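Okay, structure first, notes after.
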Amino acid sequence: MKLNLRPLHDLFAAEATGVSLTSPPDAATLAAIVAAMDRYAVLVFPDQDLTDAQQIAFSERLGPLETTVKTFRPDHRARLDLHLSDVSNLDENHHVIAADDRRRMNGLGNRLWHTDSSFKAIPARYSLLSAHAIPPDGGETEFADLRAAWDALPAAMQARVAPLIAEHSLLTSRATIGFTDFSPEETARLQPVPQRLVRTHPGSGRRSLYLASHAGSIRGMPLPEARVLLLDLMEHATQRRFVYTHRWRLHDLVIWDDRCTLHRARPFDMTVPRDMRRTTVSDARSTLDQAA
Ligand SMILES: [Fe+2]
């Protein structure tokens, strides 16, 4: 199998064809996919009609998988395997959840710019999202290239932010949209974790910002100063010139590099099923143990 790449944006993102991911790729193909991820950070694989087991098997070739964060109530059962993050609007019986359902309120946090699992001490390396049912309109995913955003920062700002450590929590991003329905146990488990604000990508050697709406403070900086700096950086990084908008087709599999991109979901008609399933490859270690 030969991996063919077609750029989708002048900075990042490419369509990848020529390989079927229904069985795990051989070593050469896998290396080609990783190299393409290092170059493009977002790869769109069309027409990959994968079972959950096939998606998990392929994802595991890229590294250890995360298991889903339990923010469900005891009366909510998971619809999918615990290695799949359910990014759908469906309940465990595959029915569209109510407009005011707690799971939907929590899920609305995905409309904010973020990178997956930056609220975990060891965050995500890659996310792989497959489209099993899509609404006729809307529901796009937007991606922003944090390497290009870093490259475009003035040198003085690069020097200012390079040594900084931000603190990320799911509670921060959810509080931004007024969602605070967390139990004491969840609140204790979701306390902020430190992450470098600037990272060097081990595959490409490129530096990038590392931002998310989960970031709510910066170590050693007064809170208002940290918040306005984070807002300024987020505004800078999500300028239209750094953004690729993915319009989903059924059976697309999109892989993105969480170390150097942001993403967010766009609105769609909530009464229509949208069934998206994500596997998440964990990074090897804390960003604090990695090059700035
Ligand atoms: Fe996400």
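The sequence shown lines up with residues 44 to 335 when you count with the numbering used here. We put the beta carbon where it would ideally sit given N, CA and C, even for glycine. All values reported here derive from a predicted model rather than from experimental measurement.
When DSSP reads this structure, Phe186 sits in a beta bridge with Tyr287 and His306.
Taking a cut-off of 8 Å for Cβ pairs, the stretch 312-331 and the stretch 126-136 touch, as three or more such pairs fall below it. In this structure, His306 has its beta carbon less than 8 Å from a heavy atom of ligand 1. Residue state for Asp129 is assigned as strand, using DSSP reduced to three classes.
Going by DSSP, Glu103 is part of no beta strand (DSSP E) but of the alpha helix (DSSP H) stretching over Asp95 to Glu103. Put simply, of Phe55, Asp69 and Leu54 the residue whose alpha carbon is nearest the alpha carbon of Lys45 is Asp69. Each residue's CA atom was taken as its position, placing Arg154 and Tyr169 some 19 Å apart. Each residue's CA atom was taken as its position, placing Ala335 and Arg239 some 7 Å apart.
For Asn149, the three-state secondary structure derived from DSSP is helix.
Within the DSSP secondary-structure output, Arg168 pairs in no beta bridge. In this structure, Arg262 places its C-beta atom within 9 Å of the C-beta atom of Glu210. Secondary-structure assignment with DSSP links Gln238 through a beta bridge to Ala209.
Tyr287 places its beta carbon less than 9 Å from that of Phe55. At a threshold of 8 Å, Asn132 does not count as near ligand 1, since its beta carbon sits no closer than that to any of the ligand's heavy atoms.
Note on Val241: 16 or more other CB atoms within 10 angstroms of its CB, so buried under the neighbour-count rule. Taking non-hydrogen atoms of ligand 1 into account, the C-beta of Ser325 is found less than 8 Å away from none of them.
Taking the Cβ of His126 as the reference point, every heavy atom of ligand 1 lies at 8 Å or farther away. When the five nearest sequence neighbours on each side are left out, the beta carbons in the same chain lying within less than 6 Å of the beta carbon of Ala269 are those of Ser260 and Ile261, in order along the chain.
In the three-state DSSP reduction, Val324 falls in the strand class (E or B).
Between Pro166 and Ser173 a beta carbon distance of about 21 Å is seen, past the 8 Å cut, so the two are scored as non-contacting.
With fewer than 16 other Cβ atoms from the protein chains shown falling within 10 Å of its own Cβ, Asp275 counts as exposed. Look at Val77 here: in three-state DSSP terms it is helix.
For Arg217, the closest of Gln201, Met200 and Pro235 by C-alpha to C-alpha distance is Pro235. Ile208 has its alpha-carbon roughly 28 Å from the corresponding atom of Asp224.
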